[in-house]
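A.B. asks:
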Amino acid sequence: MYAEEVATMAGRIRDEDVALVRERTSIAEVISDTVTLRSAGGGNLKGLCPFHDEKSPSFNVSPARNVFYCFGCGVGGDAIKFLMDAEHLSFIDSVERLAARAGIQLRYVESDHTTPRARPQQGQRQRLVAAHAAAVEFYRAQLTTAGARPAREFLAQRGFDRAAAERYGCGFAPDGWDLLTKHLRQQGFTHDELVTAGLSRPARSGSLIDRFRRRLLWPIRDLTGDVIGFGARKLFDDDDGPKYLNTPETPIYKKSHVLYGIDQAKREIAKQGKVVVVEGYTDVMACHLAGVPTAVATCGTAFGADHIGVLRRLLMDTDAVAGEIIFTFDGDAAGQKAALRAFDDDQRFVGRTFIAVSPDNMDPCELRLAKGDLAVRDLVARREPLVDFALRHVISRHDLDTVDGRVEAMRRAAPLVAKIKDREKRPEYVRKLAGDLGMEIEPVQRAVLAAGNAPPSGRGAEATSRPARAEPVVDSPQAMVEREALKLALQEPVLAGPMFDAVEAPDYRHPVHVVVREAIAAAGGAAAAAGGAVWIESVRDACADLAARALVGELAVEPLRIDGEPDPRYVSITMARVQWGSVTSRIKDLKSRIQRINPVNNKDEYFAAFGELLSLEQHARALREQAAGGL
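Read left to right, the sequence shown gives residues 252 to 882 (the working numbering).
1. Do you know how far the Cα of residue 658 is from the Cα of residue 646?
2. DSSP three-state label for residue 863, please.
3. Can you find the residues in the same chain that come closer than 7 angstroms, C-beta to C-beta, to residue 611, ignoring five residues on each side of it along the sequence?
4. Could you say which of 467, 468, 805 lies nearest to residue 735 if we only look at CA atoms?
5. Find the nearest neighbour of residue 392 within the set 420, 826, 556, judged by alpha-carbon distance.
6. Does the region 386-400 come close enough to the region 313-323 to have 3 or more Cβ pairs within less than 8 angstroms?
7. Terminal residues of the continuous beta strand (DSSP E) containing residue 485?
8. Using a Cβ-Cβ cut-off of 8 angstroms (strictly less than) and excluding sequence neighbours within five positions of residue 405, which residues of its own chain qualify?
9. Give the single residue among 380, 679, 642, 673 whose Cα lies nearest to the Cα of residue 662.
10. Is residue 526 closer than 7 angstroms to residue 883 when the C-beta atoms are compared?
11. Going by other Cβ atoms of all chains shown within 10 Å of its Cβ, with 16 needed for buried, is residue 738 buried or exposed?
12. Is the beta carbon of residue 285 less than 7 angstroms from the beta carbon of residue 562?
13. Go through its chain and collect everything with a Cβ distance to residue 551's Cβ below 6 angstroms, but skip five positions before and after it.
14. Is the separation between the beta-carbon of residue 744 and that of residue 780 shorter than 7 angstroms?
15. Do residue 699 and residue 660 count as a contact pair if the criterion is CB distance below 7 angstroms?
16. Taking the straight line between their C-alpha atoms, what separation do you get for residue 634 and residue 651?
17. Please name the residue in 386, 686, 300 whose C-alpha comes closest to that of residue 439.
18. Thinking C-alpha only, which one of 696, 821, 748, 727 is nearest residue 771?
19. Apart from the five residues on each side of it in sequence, which residues of its chain come closer than 7 angstroms, Cβ to Cβ, to residue 786?
20. In whole angstroms, what separates the C-alpha of residue 684 from that of residue 697?
21. So, residue 732 versus residue 829, is the Cβ gap smaller than 7 angstroms?
22. Below 7 angstroms CB to CB, which residues in the same chain sit around residue 543 once its five sequence neighbours on both sides are set aside?
23. Measure the Cβ-Cβ separation of residue 349 and residue 446 and say whether it is below 7 angstroms.
24. Just the Cα atoms here: how many angstroms apart are residue 263 and residue 344?
25. For residue 422, name the three-state secondary structure that DSSP assigns.
26. Buried or exposed for residue 849, please, with buried defined as at least 16 other CB atoms from any protein chain shown within 10 angstroms of its CB.
27. Nearest by alpha-carbon distance to residue 323: which of 337, 331, 336, 304 is it?
28. Counting Cβ pairs closer than 8 angstroms, one from the region 320-337 and one from the region 784-803, do we hit at least three?
29. Excluding the 5 residues flanking residue 821 on each side, which residues of the same chain have their C-beta closer than 7 angstroms to its C-beta?
30. Threshold first: 4 residues or longer. Then list the alpha helix (DSSP H) segments lying entirely within the region 265-338, N to C.
31. Looking only at its chain, what residues have a beta carbon closer than 7 angstroms to the beta carbon of residue 336, apart from the 5 residues adjacent to it on each side?
32. Exposed or buried, what is residue 376 when buried is set at 16 or more other beta-carbons lying within 10 Å of its beta-carbon?
33. One question on the structure: do residue 429 and residue 460 come within less than 7 angstroms of each other, judged by their Cβ atoms?
34. Below 7 angstroms between beta carbons: does that hold for residue 410 and residue 620?
35. Report the residue from 687, 309, 638 whose alpha carbon sits nearest the alpha carbon of residue 677.
36. So within the region 774-811, which uninterrupted alpha helix (DSSP H) runs reach at least 4 residues, ignoring any that extend past its ends?
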């Protein structure tokens, strides 16, 4: 649990510094590195949740309070929690990363929380990223040496000048067994750090040697721009290694999540609602330089589900805002096979998928070199729907001059038509398929219907397997007003504090609301709070159970039920209604009790209860007047 991890780890960083990081961090900026956010009204933002698959945005961010919450999966918290969950960082790694971003110098203490340390021990991720940053500078400097001439010629032959090489951080791994390793060891990086980072590897002798030698290198960056790995291209005929060699899996480099060029392309992807998926590093460079700034490529692995998740969040790929995903593949057999694999993943996107294949079977880098920048832009502009390409490919494998060939082609093509997301387009594709096959429409229609009724299987069914709960469930008017009161305390403690604190936990009827109200009191009360992420996290940490902890995150971003800004009158009305619900419930219970009392045998009890009833009814009338005006 987050609260427990904070309690364990926060002792290494002074509590006031952790609070300062929370206050000075813009959670919207942090989350926007990985998720495209749009207005949700009331000052909040929304996007696709990075923690579960969804087709409609249920992930909410409150910039005013520096917190987030997903109404679909229930994950929420501050910027520190977001980094911990989204990038699998430790608490200390997350705090250090945000502190560096905000320009905050952290102060550390020993486990007894009393003795300051002069030099902190950085978190693992920060150390690995620092090692990669130093490696980038080393490799870039090597690119200008005499031994790197083949690397410079490789780039020049593909149309990339010195400025392009510098823009993408290209470098050269020199002809030496441990030059980088020695360089990084001199900078203070340890044996274990270099091995863990994938920059060095143990030799048979037990010493460390460089992972890359005599190769052209591209630094691979994550969404935030941190270098997390390298891609290395073979240059020499006597190099018996693979053509391309990538950093192995490390704590910071997960090839199934990484897209080359994403750091430079992400803003244009979000702006244009379009992404172009190419096959290699030089293709990304060529596209960007030719005026297609939305190009990205996978790094040593096939395009898959995790890559799709990254792109969907950047595209804001929803029913309301459907993006375009354009795949470019070579026209050869391998390229066609890759295109068909991409169509298998089509169901994971809400937006439209396309394919762009050069007439001359050239990749974007070759096309730019042969025909110029305009030809690359035209390649993307001439894209065709991926389903059209897939159908044409399937049909072309059968002899349509024979009955058997036409029937088999229909059987193979029908499932593709049945997969088309836009149901209104399916009848048109049925007619088109029938025409292409030279068959009557009825048998083709039956085949598509039968394919569509088959039990879902494979990866295409996974994306819709989890429905998102987009709206909070409120089970009664009293629960609704209690919820509003708690939102005021969490979101507007300076305004609501004194009036909120005056109404204590027994006035709340919903059991989880009672726990949250008690947690607010345990955190010091709303009147003493300054608001923001620090306040919300302190309340969350004080919650006695998981349901209440999740509810705090939910209420921190849920809009108030008022147009415009809340004022003291609105707070007064809300708190009066919380009390009125409690008082009327007590009146009902008291009336029931009075009916059960024998006024002859229990005169004192009867009149005491009757007096309490009169007092409560008078209090209820006052609360009703105070609550007049409506939510």
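Virtual Cβ for every residue (Gly too), placed ideally from N, Cα, C.
C.D. replies: In this structure, then:
1. Translated into the one-based positions of the sequence shown, residue 646 becomes position 395. Translated into the one-based positions of the sequence shown, residue 658 becomes position 407. So the two alpha carbons sit approximately 10 angstroms from each other.
2. Position 612 of the sequence shown, counting from 1, holds the residue named residue 863. In the structure shown, residue 863 sits in a helix (DSSP, three-state: H, G or I).
3. The sequence position of residue 611 within the sequence shown is 360, counting from 1. Excluding residues within five positions, none has a Cβ falling inside 7 angstroms.
4. Residue 735 sits at position 484 when you count from the first residue of the sequence shown. Measuring from the Cα of residue 735, the nearest candidate turns out to be 805.
5. By 1-based counting over the sequence shown, the position of residue 392 is 141. Looking at 420, 826, 556, the one whose alpha-carbon comes closest to that of residue 392 is 420.
6. No: the two stretches stay apart, fewer than three of their Cβ pairs being nearer than 8 angstroms.
7. Translated into positions along the sequence shown, residue 485 becomes position 234. For residue 485, the uninterrupted beta strand (DSSP E) segment begins and ends at 478-485.
8. One-based indexing of the sequence shown puts residue 405 at position 154. Once the five neighbours on either side are set aside, the close Cβ partners of residue 405 are 467, 484, 486.
9. Locating residue 662 in the sequence shown gives position 411, where the first residue counts as 1. When only C-alpha atoms are compared, the closest one is 642.
10. Examination of residue 883 is not possible in this model, given that the chain is present from 252 through 882 alone.
11. Locating residue 738 in the sequence shown gives position 487, where the first residue counts as 1. By the Cβ neighbour-count rule, residue 738 is buried, with 16 or more other Cβ atoms within 10 Å of its own.
12. Translated into the one-based positions of the sequence shown, residue 285 becomes position 34. Translated into the one-based positions of the sequence shown, residue 562 becomes position 311. Result no, Cβ atoms of residue 285 and residue 562 do not sit closer than 7 angstroms.
13. Here residue 551 refers to the residue found at position 300 when the sequence shown is read from its first residue. Within the same chain, residue 551 has close Cβ partners 497, 506.
14. If you number the sequence shown from 1, residue 744 lands on position 493. If you number the sequence shown from 1, residue 780 lands on position 529. It is a contact, given that the beta carbons lie within the stated cut-off.
15. Position 409 of the sequence shown, counted from the first residue, corresponds to residue 660. Position 448 of the sequence shown, counted from the first residue, corresponds to residue 699. Taking 7 angstroms as the Cβ cut-off, residue 660 and residue 699 do not qualify as a contacting pair.
16. Against the sequence shown, residue 634 aligns to sequence position 383. Against the sequence shown, residue 651 aligns to sequence position 400. Cα-Cα distance, rounded: 26 angstroms.
17. One-based indexing of the sequence shown puts residue 439 at position 188. Residue 386 holds the alpha-carbon nearest to the alpha-carbon of residue 439 among 386, 686, 300.
18. Position 520 of the sequence shown holds residue 771. The shortest Cα separation from residue 771 among 696, 821, 748, 727 belongs to 748.
19. Residue 786 sits at position 535 when you count from the first residue of the sequence shown. Answer for residue 786: 744, 780, listed in chain order.
20. Counted from its first residue, the sequence shown places residue 684 at position 433. Counted from its first residue, the sequence shown places residue 697 at position 446. Each residue's alpha carbon lies about 12 angstroms from the other.
21. In the sequence shown, the residue the question calls residue 732 occupies position 481. In the sequence shown, the residue the question calls residue 829 occupies position 578. Their beta carbons are under 7 angstroms apart, which means residue 732 touches residue 829 by this criterion.
22. For the purposes of this step, residue 543 is identified with residue 292 of the sequence shown, where counting begins at 1. Close CB contacts of residue 543 within its chain, under the 7 angstroms cut and outside five residues either way in sequence, are with 527, 627, 628, 631 (chain order).
23. On the sequence shown, position 98 is the one that residue 349 refers to. On the sequence shown, position 195 is the one that residue 446 refers to. Annotated as distal: residue 349 and residue 446, with beta-carbon spacing of 7 angstroms or more.
24. The residue labelled residue 263 in the question sits at position 12 within the sequence shown. The residue labelled residue 344 in the question sits at position 93 within the sequence shown. Inter-residue distance for residue 263 and residue 344 is about 11 angstroms (C-alpha atoms, whole angstroms).
25. The sequence position of residue 422 within the sequence shown is 171, counting from 1. In the structure shown, the three-state DSSP call for residue 422 is strand.
26. In the sequence shown, the residue the question calls residue 849 occupies position 598. It is exposed - the Cβ of residue 849 has fewer than 16 other Cβ atoms within 10 Å.
27. As a position in the sequence shown, residue 323 is number 72, starting the count at 1. Nearest C-alpha to residue 323: 304.
28. Judged by Cβ distances under 8 angstroms, the region 320-337 makes contact with the region 784-803, as three or more pairs qualify.
29. Residue numbering aside, residue 821 sits at position 570 when the sequence shown is read from its first letter. Excluding positions up to five away in sequence, the list reads 813.
30. Correct list: 266-275, 278-283, 330-338.
31. On the sequence shown, residue 336 is found 85 positions in, with the first residue counted as 1. So the qualifying residues of the chain are 302, 326.
32. Working through the sequence shown from its first residue, we reach residue 376 at position 125. Buried, since its Cβ has 16 or more Cβ neighbours within 10 Å.
33. Counting from 1 along the sequence shown, the entry for residue 429 is found at position 178. Counting from 1 along the sequence shown, the entry for residue 460 is found at position 209. Yes, the pair counts as a contact, with Cβ atoms nearer than the cut-off.
34. The count along the sequence shown starts at 1 and reaches residue 410 at position 159. The count along the sequence shown starts at 1 and reaches residue 620 at position 369. Yes, they are a contact pair.
35. Position 426 of the sequence shown, counting from 1, holds the residue named residue 677. Nearest option by C-alpha distance: 638.
36. Listed in chain order, the complete alpha helix (DSSP H) runs (minimum 4 residues) inside the region 774-811 are 783-793, 797-808.
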